[in-house]
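One structure is given here, and the rest of the page talks about it.
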Amino acid sequence: MYKGMFLKRTTIPEKIKEALWWEEQCVRREGGYDFDPSNLPDDAKWLPKGAVLKFVKETGKACVVKSTRVKENASKSATTLKIEKDSYFKVGDTIAGVTISNIVKGSDYDTLTVGALTDALKVGDTIDDYKDGDIILGLQYDTFPIERDVNQQVTPTLVVREVVESSLMYPISDKVKAALNKVGTAQFKIQ
């Protein structure tokens with residue numbers, strides 16, 4: 347489709363939160379990985395700096411570990427779940443061990459219809475689609491527009507120090523933090 351080199355100017359929307367960390371101590375991978383956006387909703391336009399990336403063995407590409415916070419307590423066996431709005435989750439995804447069958451977008455939160463929850467969830471819990479055995483690559487080094495019709499590369503970090511958690515677009519669970527620390531060093535600072 348595209349031949350030769352080209353320059354495409356983009357402006358990062360103000361809504362995107364970019365992760366803050368100690369840039370001088372950041373070490374990123376050179377070359378990066380091919381990016382597979384197929385696990386993201388079709389309306390996802392930006393991959394924010396600080397998004398967690400994992401390796402997909404079947405494709406040899408990197409994709410996003412999707413996460414969000416619970417906005418309202420949900421009892422064990424509940425079939426609806428209220429989460430922060432504008433997450434990367436889509437119908438068919440598995441979250442908290444159950445499959446999402448419907449998503450209703452609201453002004454303050456999104457409501458998921460899911461299979462019966464196996465565990466109760468409380469406000470503020472971080473839930474994600476990370477599974478034991480997933481190969482975490484690191485945090486995305488910079489924000490870029492998602493273009494589905496071209497081959498894009500992501501650049502995971504190897505070492506990141508003093509990540510300000512409140513600056514991340516999406517929360518990171520303790521399991522994912524532990525996996526990030528196996529890759530290199532990702533030290534989190536809560537602010």
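Going by the numbering used here, the first residue of the sequence shown is number 347, and it counts up by one from there. The beta-carbon is built from N, C-alpha and C at its ideal position, and this holds for glycine as well.
Test item: CB-CB of residue i and residue j under 8 angstroms
i, j, result
"Y379", "V410", "no"
"L393", "F490", "yes"
"I473", "A442", "yes"
"D382", "V402", "yes"
"T501", "R374", "yes"
"L399", "G484", "yes"
"L467", "A420", "yes"
"G406", "Q486", "no"
"Q533", "V509", "yes"
"D475", "T440", "yes"
"K422", "D465", "yes"
CB-CB length for residue i against residue j, believed under 8 angstroms
i, j, result
"I446", "L458", "5 angstroms"
"V469", "K417", "7 angstroms"
"V437", "G461", "Between G461 and V437 the Cβ distance is about 13 angstroms, and since that is not below 8 angstroms, they are no contact."
"S513", "K363", "6 angstroms"
"C372", "V522", "Not really, about 18 angstroms apart at Cβ, beyond 8 angstroms."
Residue interval of the beta strand (DSSP E) (run including residue i)
i, result
"V529", "Run containing V529: none in the beta strand (DSSP E); it sits in the alpha helix (DSSP H), 520-529."
"D456", "456-460"
"L485", "481-485"
"L504", "503-510"
"V410", "407-410"
"L514", "Unbroken run through L514: none, as it is neither H nor E."
"V444", "444-451"
"R415", "413-415"
"T426", "426-429"
"I492", "Premise fails: I492 is in no beta strand (DSSP E) and is neither H nor E."
"D475", "Careful: D475 lies outside any beta strand (DSSP E) and carries neither H nor E."
Contact between the segment 492-504 and the segment 448-457 is defined here as three or more beta-carbon pairs at a separation below 8 angstroms; is this criterion met? no
As an exercise, report each continuous alpha helix (DSSP H) stretch of at least 4 residues that is fully enclosed by the segment 355-405, in chain order. none
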